[in-house]
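Asks:
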Amino acid sequence: MEVGGAWVLRTVNEPESVEERRRSVGLPSLAEQDRAMAEHYGPPKVLTSTRRPVLVRCPNCGRQISGQRHGREKNFQVVCADCGRETTMRTD
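First residue of the sequence shown: 89, per my numbering; consecutive thereafter.
#1: Roughly how many angstroms lie between the CA atoms of R178 and C146, to the nearest whole one?
#2: Can you give me the C-alpha to C-alpha distance between Q165 and L118, rounded to a whole angstrom?
#3: Could you tell me the distance, in whole angstroms, from the CA atom of G150 to the CA atom of N163?
#4: Who are the Cβ neighbours of A124 in its own chain at under 8 Å, not counting the five residues just before and after it?
#5: CA-CA distance, E107 and V100?
#6: Excluding the 5 residues preceding and the 5 following C168 in the sequence, name in chain order all residues of the same chain whose CB lies nearer than 7 Å to its CB.
#7: Under the rule that 16 or more other beta-carbon atoms within 10 Å means buried, what is V113, buried or exposed?
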């Protein structure tokens with residue numbers, strides 16, 4: 089989804105079956121799609137209106153991971169517990 093000129097990851101309905109549904113219509117995995125978007129558009133923008141943790145999808149393995157910015161930082165790192173991939177998230 090695009091917000092303010094940047095792309096934003098959205099939560100997925102029925103995440104346990106999303107990869108099967110995507111495969112059935114010829115779409116790449118979410119991890120592949122997220123990786124391609126990040127390569128083309130840069131890291132996803134994270135919408136943060138509160139200090140709650142932000143859920144994002146790991147661009148490497150597709151698992152949901154959470155992150156939270158500290159203070160007024162525009163960029164922060166999240167690390168996937170499953171595959172160890174470190175991803176930079178940015179906020180505006």
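Just so you know, even glycine gets a beta-carbon here, dropped at the ideal spot from N, CA and C.
Replies: In this structure, then:
#1: In this model, R178 and C146 are separated by some 15 Å (Cα to Cα).
#2: Going from the Cα of Q165 to the Cα of L118 covers about 20 Å.
#3: Looking at the backbone, the Cα of G150 and that of N163 are separated by about 21 Å.
#4: In its chain, beyond the 5 residues on either side, P116 have a beta carbon closer than 8 Å to the beta carbon of A124.
#5: Cα to Cα, the separation comes out at about 11 Å.
#6: Apart from sequence neighbours up to five positions away, the residues of its chain that approach C168 with a beta-carbon distance below 7 Å are C146, N148, C149, R151, I153, ordered along the chain.
#7: The residue in question, V113, is exposed, as its Cβ has fewer than 16 Cβ neighbours within 10 Å.
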